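*Asks:* In the working numbering, the protein residues as written are 400 to 1165.
Cβ coordinates follow ideal geometry from the N, Cα and C atoms, glycine included.
What you are looking at is a predicted structure, and each value in this text was computed from that prediction instead of being measured.
Quick look at the structure:
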């Protein structure tokens, strides 16, 4: 019986993987699939076809480029460098951040390392190489900043791809009408392309899953058409182009054409446009699904398409400018044109989805202004839609099409963005190999030597077109890089300012349990970014309000460098000050792939349940230690007492282990107790009688719950200190301030009800 169930589950898993592989055609491979529309047209606009060597040489470059970069590099290596199923440059960065403390925001805690999805295979003492790299990265702030800038540059170029891909794909498809419909000129191509782009971006709101299901059959038909037309042309015109599998023709091509061959190389790289989407879109699907789709559908169909076009060019060398549509049998022109136009629309979907994923990841890791994110699938967490980014991409695509009005200059820009992203991925994967995978040094260095060398050659080729449209992606990348680094720089300075200005325990002791004011029933949730200590904004609330709530919880919404934090490990509680203060800290931890879907009522309920579990666990640990002390047991106690303030009125606070046998040492002015909700002691060591102080605290908590929740938020303004240098004042007071004013507001970003908010203003001097 169990064997039958296993087989059924295995069959279901196989069919599920195949279904996902089918969907990847509509989301991941549209960009690469439409490259036959413009690759040879761009290559032979720089090299005139004078002999068979020209055609066979260009074809050989295309074949080995596809085999080397998408197949060998991405399918067999890079996809395996995923972060628990999440891909992209920020996923690689989060892997590195988990192992080495290179994140510039200093909010990492020892407790984070106990999250089940956080744990990594750490290097053994014998692997001194990995330890040396780790220590070097952690010790030198310059390397941390350089690594972040490198990651941000790669992400910026992915966003640039999201602008250029729709523009070139749609224009290439529509331009097929120029040679078929009389009077259909450049203006008509531009107008029709813009209309198609507007439709494309308007359907993004339905989500990647629905778009993938809708587009996948069309892309499947497109790849089938490419393969069939390729076989037809290969058999009909010149099957001898199969000689291009001999890489010697690459040498003959460069020997014959010299400088022109170097310029043509920038056109050949267009055959792998969209390869980065295989990794960036990984969160929407799975590694196996993407590997199956490329190996068994995309790769063979693309090879047949290029072989067929080369066979046609061997007989009709003058048709290079319109090679794709000229090589289509006349009777099939209109059906293929319709499918090509639809495929071009779908090609844009790959980079649009990748852009959404990259922006979401960068927001979670504190490198992008807060924006509204719409979760479009209940089953797959990675499928998201970001309205602001969607409309920005649409406007920029329309601008690019309207200004350039030609696929040649857009192709020049496209190549630089694509190769730039690939080089970033190669560098980061190499670092992951050395730091985390513990790969043999020779093999780890072979990866950048082989793939990095090829990509560097392509980069040099495409940079030669920088004045012919190649400047565009560099401008896009620079603008996005400035936005992301400015946001990260301002956020880090603001956090450091909060840490510097947090309230001392001496001050809290002097205030007493009444906090120098009246305590009224209710729960006050004070939101702050601090993971330890009492934020200075709390004093502003004490001064501004006539009374303060009987129970105060300092809530910190914190993103950790993991894709997903399990729900049972979401909350980390600790007590702030002695028991009679009734003050706690709750750190709500989310992964960069997590999306906060719960409303405020669900969040409040989860928070209260976790707080009750924390109080019960605290009482159990106190009783356990008391029993152990009474029995004169010499073993180490599961908790220890620390004096929080030296002198007469000492504040003793409990430190509770995070996991069953873990032990944490919290560092800072406010030493505190912490535990994850839900951990429980064995029944044999539980106290036999309920602790009266526990019952009192639980009853006080229930009374506070009945009185309701109030959300205490800071309306902060960040300003550079007067003695700061000019550039810092310019960045913080103007650029960062502009981004803060125009990003998603705190109340909306934290999903709190507007009716129960109290805000006070505060200026952070950084």
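Rounded to whole angstroms, what's the CA-CA distance from residue 1004 to residue 1101? Just pull it up for me.
*Replies:* Going from the Cα of residue 1004 to the Cα of residue 1101 covers about 12 angstroms.
*Asks:* When the Cα of residue 788 is compared with those of 419, 801, 773, which residue comes out closest?
*Replies:* Among 419, 801, 773, the Cα nearest to that of residue 788 is on 773.
*Asks:* For the alpha helix (DSSP H) that contains residue 766, what are its first and last residues?
*Replies:* First-last for residue 766: undefined, no H or E at that position.
*Asks:* Round the Cβ separation of residue 800 and residue 503 to the nearest angstrom and send it over; I've been treating them as touching at under 8 angstroms.
*Replies:* In fact, because the Cβ distance is near 38 angstroms, the residues do not count as touching under 8 angstroms.
*Asks:* Under 8 angstroms Cβ to Cβ from residue 699, same chain only, skipping five residues before and after it: list those, please.
*Replies:* Answer for residue 699: 626, listed in chain order.
*Asks:* Closer than 6 angstroms by C-beta to residue 576: which residues in its own chain qualify, once you throw out the five before and the five after it? Chain order, please.
*Replies:* Excluding positions up to five away in sequence, the list reads 583.
*Asks:* Just how far apart, CA to CA, sit residue 415 and residue 941?
*Replies:* So the two alpha carbons sit approximately 56 angstroms from each other.
*Asks:* Could you have a look at residue 714 and say whether DSSP puts it in helix, strand or coil?
*Replies:* Residue 714: helix per DSSP, three-state reduction.
*Asks:* Rounding to the nearest angstrom, what Cα-Cα distance links residue 634 and residue 536 in this structure?
*Replies:* In a straight line, the C-alpha of residue 634 is about 57 angstroms away from that of residue 536.
*Asks:* Could you tell me whether the stretch 464-484 touches the stretch 670-677, where touching means 3 or more Cβ pairs closer than 8 angstroms?
*Replies:* The stretch 464-484 is in contact with the stretch 670-677.
*Asks:* Measure the Cβ-Cβ separation of residue 1155 and residue 1107 and say whether it is below 9 angstroms.
*Replies:* Yes, the Cβ-Cβ distance between residue 1155 and residue 1107 is below 9 angstroms.
*Asks:* At what residues does the alpha helix (DSSP H) containing residue 859 begin and finish?
*Replies:* Its alpha helix (DSSP H) spans residues 852-862.
*Asks:* Going by beta carbon distance, what residues of the same chain come within less than 6 angstroms of residue 827, once the five residues before and after it are set aside?
*Replies:* Around residue 827: 491.
*Asks:* I'd like to know if the stretch 715-733 and the stretch 470-487 are in contact, where contact means that at least 3 CB-CB pairs between them fall below 8 angstroms.
*Replies:* They do not touch, by the three-pair rule.
*Asks:* Measuring only the C-alpha atoms, how far is residue 1017 from residue 929?
*Replies:* C-alpha separation (whole angstroms): 23 angstroms.
*Asks:* So, is residue 441 buried or exposed, given that buried needs 16 or more other C-beta atoms within 10 angstroms?
*Replies:* Burial call: buried.
*Asks:* Buried or exposed for residue 534, going by 16 or more other Cβ atoms inside 10 Å?
*Replies:* Counting Cβ neighbours within 10 Å, residue 534 comes out exposed, since fewer than 16 surround it.
*Asks:* Expressed to the nearest angstrom, what Euclidean distance is found between the alpha-carbon atoms of residue 648 and residue 839?
*Replies:* For residue 648 and residue 839, the distance between alpha carbons rounds to 34 angstroms.
*Asks:* Excluding sequence positions up to five away, which residues of its chain have a Cβ less than 6 angstroms from the Cβ of residue 718?
*Replies:* These residues qualify, in order along the chain: 725.
*Asks:* Quick check on this structure: which residue in 768, 914, 631, 867 has the alpha carbon closest to the alpha carbon of residue 1140?
*Replies:* Among 768, 914, 631, 867, the Cα nearest to that of residue 1140 is on 768.
*Asks:* Following the continuous beta strand (DSSP E) through residue 937, name the residue where it begins and the one where it ends.
*Replies:* Not the beta strand (DSSP E): residue 937 falls in the alpha helix (DSSP H), residues 936-943.
*Asks:* Quick one: give me the first and last residue of the beta strand (DSSP E) that residue 500 is part of.
*Replies:* Element bounds for residue 500: n/a, residue is neither H nor E.
*Asks:* By DSSP, does residue 804 sit in helix, in strand, or in coil?
*Replies:* In this structure, residue 804 counts as coil in the three-state DSSP scheme.
*Asks:* Do residue 620 and residue 481 count as a contact pair if the criterion is CB distance below 9 angstroms?
*Replies:* No, Cβ-Cβ distance for residue 481 and residue 620 is not below 9 angstroms.
*Asks:* Given residue 640, which residues of its chain have a CB within under 8 angstroms of its CB, disregarding the five upstream and five downstream residues?
*Replies:* Once the five neighbours on either side are set aside, the close Cβ partners of residue 640 are 454, 455, 458, 633, 706, 709, 710, 713.
*Asks:* Per DSSP, what kind of secondary structure is residue 602 in: helix, strand or coil?
*Replies:* Coil.
*Asks:* Could you tell me the alpha carbon to alpha carbon distance between residue 1105 and residue 1010, rounded to whole angstroms?
*Replies:* Looking at the two C-alpha atoms, the distance is approximately 15 angstroms.
*Asks:* Take residue 793 and list the residues in its own chain whose beta-carbon comes closer than 6 angstroms to its own, dropping the five residues that flank it on each side.
*Replies:* Taken in chain order, the residues that qualify are 600.
*Asks:* If I measure Cβ to Cβ from residue 738 and keep anything under 8 angstroms in the same chain, skipping five residues before and after, which residues do I get?
*Replies:* Closer than 8 angstroms at Cβ, skipping near neighbours: 617, 620, 621, 624.
*Asks:* For residue 485, which residues does DSSP report across the bridge?
*Replies:* Residue 485 is bridged to 482.
*Asks:* Considering just the uninterrupted stretch of the alpha helix (DSSP H) at residue 904, what are its terminal residues?
*Replies:* 904-910 is the extent of the alpha helix (DSSP H) around residue 904.
*Asks:* Could you spell out the range, first to last residue, of the alpha helix (DSSP H) harbouring residue 461?
*Replies:* Counting along the chain, the alpha helix (DSSP H) containing residue 461 begins and ends at 451-465.
*Asks:* If you drop the 5 nearest sequence neighbours on each side, which residues of the same chain put their C-beta closer than 8 angstroms to that of residue 885?
*Replies:* Within the same chain, residue 885 has close Cβ partners 1130, 1134, 1135, 1138.
*Asks:* Would residue 425 and residue 748 be called neighbours here (beta carbons separated by less than 9 angstroms)?
*Replies:* Their beta carbons are under 9 angstroms apart, which means residue 425 touches residue 748 by this criterion.
*Asks:* Can you have a look at residue 980 and say buried or exposed, based on whether 16 or more other CB atoms are within 10 angstroms of its CB?
*Replies:* Buried, because 16 or more other Cβ atoms sit within 10 Å of the Cβ of residue 980.
*Asks:* Per DSSP, what kind of secondary structure is residue 1103 in: helix, strand or coil?
*Replies:* Residue state, collapsed to three classes: helix.
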